[in-house]
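Asker:
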Amino acid sequence: MFYHLNGTVSELEPNMAVIDCGGVGFAVNTSAYTVAQLHRGERAKLYISEQVREDAFDLYGFATPAEKRCFDMLTSVSGVGPKAAVSILSAGSPEKVCMAVMSDDERVLTAAQGVGKRLAQRIILELKDKIQKQTEGMAMPELSGASSTGTAGGGKLADVASALTALGYTRAECAAAMKGLDLEGLSLEDAIRAALRNISGRS
-18 MFYHLNGTVS
-8 ELEPNMAVID
2 CGGVGFAVNT
12 SAYTVAQLHR
22 GERAKLYISE
32 QVREDAFDLY
42 GFATPAEKRC
52 FDMLTSVSGV
62 GPKAAVSILS
72 AGSPEKVCMA
82 VMSDDERVLT
92 AAQGVGKRLA
102 QRIILELKDK
112 IQKQTEGMAM
122 PELSGASSTG
132 TAGGGKLADV
142 ASALTALGYT
152 RAECAAAMKG
162 LDLEGLSLED
172 AIRAALRNIS
182 GRS
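Following the numbering used here, the numbering of the sequence shown begins with -18 at its first residue and continues without gaps.
1) Is glutamate 23 helix, strand or coil by DSSP?
2) Pair every Cβ in the segment 136 to 150 with every Cβ in the segment 79 to 89, then say whether three or more of these pairs are closer than 8 Å.
3) According to the neighbour-count rule (16 or more other Cβ atoms, all chains shown, within 10 Å of its Cβ), is lysine 49 buried or exposed?
4) At the level of alpha carbons, what is the spacing between lysine 186 and alanine 66?
5) By alpha-carbon positions, which one of Leu(-7), Leu100, Gly149 and Cys51 ends up nearest to valine 16?
6) So is threonine 151 buried or exposed if we call it buried at 16+ other beta carbons inside 10 Å?
7) Who are tyrosine 28's beta bridge partners in DSSP?
8) Nearest by alpha-carbon distance to glycine -12: which of Ile0, Pro(-5), Asn(-4) and Met(-18) is it?
9) Quick test of the definition: if touching needs 3 or more C-beta pairs under 8 Å, does the segment -6 to 13 touch the segment 41 to 55?
10) Measuring CB to CB, does glutamine 32 end up less than 7 Å from proline 75?
11) By the DSSP assignment, the alpha helix (DSSP H) with valine 89 in it spans what residues?
12) So what's aspartate 110 in DSSP terms, helix, strand or just coil?
13) For glycine 73 and alanine 47, which I take to be in contact (beta-carbon distance under 8 Å), what is that distance rounded to the nearest angstrom?
14) Just to confirm before moving on: does the CB-CB distance between alanine 172 and leucine 164 stay below 7 Å?
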């Protein structure tokens, strides 16, 4: 089972990168979001999701664990295959996808090629329910290391925690990501990005 590939980028196409690892070139399907962060001839690490069928063994790779988790979350929805998930992640960052689910914003999802309104509604319905179940019982005092004031601030804390949970992070990881984070003046998307940077800095 592949976890990640770490090698030199030998080829780049709109939704594919070839990663050369010790002379073996792995063709990795990926999103435009990840391709934009890669450069031919430079080293890169991609986090891998394997998609196995009777007639194919495909690798999907992403620049960050958060994007890989978002891909896995999307493909868990009935009717969403890996190509649709990549299309969604090419149209928006993992943070935008999570916010779209949390705020019932179909437009972010339907902006992806091949994703219609009905499929977008199914994604929101299934994933929002899953996120709510995952965050039940997540006590706000655990996130008290973050700085944000007022009712709106408390709501932002909860939204950031929900988004991190949706991206696959545990309650302990959420608490660590939020510790010392100043959310004042940050949009929800920027707050999620700041929390993800905190996680990366601790890993």
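Virtual Cβ for every residue (Gly too), placed ideally from N, Cα, C. Given the structure is predicted, the values throughout are model-derived calculations rather than measurements.
Answerer: Looking at the coordinates:
1) Looking up residue 23 in the sequence shown gives position 42. Here glutamate 23 sits in coil by DSSP.
2) yes
3) Sequence index remark: in the sequence shown, residue 49 carries index 68 (1-based). Flag for lysine 49 reads buried.
4) Because the chain is modelled from -18 through 184, residue 186 falls outside the range shown and cannot be assessed.
5) Residue 16 sits at position 35 when you count from the first residue of the sequence shown. Valine 16 has its Cα closest to that of Leu(-7), out of Leu(-7), Leu100, Gly149 and Cys51.
6) To locate residue 151, count along the sequence shown from 1; it is residue 170. Label assigned to threonine 151: exposed.
7) Residue 28 sits at position 47 when you count from the first residue of the sequence shown. Paired residue(s): His(-15) and Phe43.
8) Stepping through the sequence shown from its first residue, residue -12 is reached at position 7. Taking only the C-alpha atoms, the option nearest glycine -12 is Ile0.
9) yes
10) As a first step, residue 32 must be located in the sequence shown, where it is residue number 51. As a first step, residue 75 must be located in the sequence shown, where it is residue number 94. Not closer than 7 Å, so no.
11) By one-based count along the sequence shown, residue 89 stands at place 108. It spans 87 to 91 - the alpha helix (DSSP H) in which valine 89 sits, taken as one unbroken run.
12) Indexing the sequence shown from 1 puts residue 110 at position 129. Here aspartate 110 sits in helix by DSSP.
13) Numbered from its first residue, the sequence shown carries residue 73 at position 92. Numbered from its first residue, the sequence shown carries residue 47 at position 66. In fact, because the Cβ distance is near 13 Å, the residues do not count as touching under 8 Å.
14) Position 191 of the sequence shown, counted from the start, is the residue given in the question as residue 172. Position 183 of the sequence shown, counted from the start, is the residue given in the question as residue 164. For alanine 172 and leucine 164, yes; Cβs fall inside 7 Å.
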